[in-house]
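Heads up, the sequence shown is in this note's numbering, so the first residue is 95 and it goes up one at a time.
Remarks on the structure that follows.
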Amino acid sequence: MESLGYEHRCQFIPSNGIYVYCSDEFLDSEVWEWCLVIQRSASESDLEENHYLDEVGDSIWQTIVGISHCPYCGENLESVKCNKAAREAEFFHIDSSGWAGKVL
Numbered sequence: 095m096e097s098l099g100y101e102h103r104c105q106f107i108p109s110n111g112i113y114v115y116c117s118d119e120f121l122d123s124e125v126w127e128w129c130l131v132i133q134r135s136a137s138e139s140d141l142e143e144n145h146y147l148d149e150v151g152d153s154i155w156q157t158i159v160g161i162s163h164c165p166y167c168g169e170n171l172e173s174v175k176c177n178k179a180a181r182e183a184e185f186f187h188i189d190s191s192g193w194a195g196k197v198l
């Protein structure tokens, strides 16, 4: 995934499809926030089954959840590089498997 801010990397996060970022690009906020991003990317077989997908690696769907701690190592992320005093529970699920992406 293209870097859009600060990335938290720990030894417990899977190497593909799951990312922990601090950015203002994911949630509907003007403040940089830590987010858990879970993404499903297209494989060769996905391209054969879905004519809306163009290339291997295209995003099929993403789920983005605002977090304050790493769900894998437990580190408090809000003290690292970006901070939000009052956290609201926010999440988005974006389905890009059809002609137009949908935010659910």
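We treat Cβ as the ideally placed atom computed from N, Cα and C, and that holds for glycine.
Cα separation between residue i and residue j?
i: Cys104; j: Glu172; result: 15 Å
i: Ile158; j: Gly111; result: 12 Å
i: Tyr120; j: Cys129; result: As written in the sequence, residue 120 is Phe, which differs from the Tyr given in the question. Using only the alpha carbons, I get a separation of about 7 Å.
i: Val197; j: Asp189; result: 6 Å
Determine which residues share a DSSP beta bridge with residue i and list them.
i: Ser135; result: Ser153
i: Gly160; result: Cys129
Go ahead and label residue i buried or exposed: buried means 16 or more other beta carbons lie within 10 angstroms of its beta carbon, across all protein chains shown.
i: Tyr146; result: exposed
i: His187; result: exposed
i: Glu127; result: buried
i: Val131; result: buried
When the distance is taken between beta carbons, is residue j closer than 8 Å to residue i?
i: Ser135; j: Ser109; result: no
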